[in-house]
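Participant: I'd like to ask you about the structure that follows.
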Amino acid sequence: MITGLVKWGELELARHGGLMDKGLNFFRKMIDKYEMALDIKHYSCLIDMLMRAGRLKVAEKNGFGDSVQYC
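The opening position of the sequence shown corresponds to residue 26 in the numbering used here, with each subsequent residue numbered one higher.
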């Protein structure tokens with residue numbers, strides 16, 4: 026069984042390794058394939074990964090911002 030913690034670890038590896046495309050694929054699989062309920066740590070990791078790559082607009086284009094509440 027794959028847990029949210031395992032997938033979060035994969036996102037962290039992609040984020041720190043600069044592997045944005047792999048990170049986006051991991052994120053999409055968590056939603057589409059594994060039907061996981063994601064929490065703020067998953068979304069913050071995704072946003073940080075995109076910001077580091079200078080591609081924050083990708084999040085908006087893919088609708089990732091729809092699920093995130095901003096303070």
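Built from N, CA and C at the ideal position, the CB exists for glycine as well.
I need the boundaries of the alpha helix (DSSP H) containing tyrosine 68, first residue and last residue.
Facilitator: 65–77
Participant: Could you have a look at alanine 62 and say whether DSSP puts it in helix, strand or coil?
Facilitator: coil
Participant: Following the continuous alpha helix (DSSP H) through glycine 43, name the residue where it begins and the one where it ends.
Facilitator: Glycine 43 -> no alpha helix (DSSP H), and no H or E assigned at all.
Participant: Within 10 angstroms of the Cβ of leucine 38, are there 16 or more other Cβ atoms? Answer buried if so, exposed if not.
Facilitator: exposed
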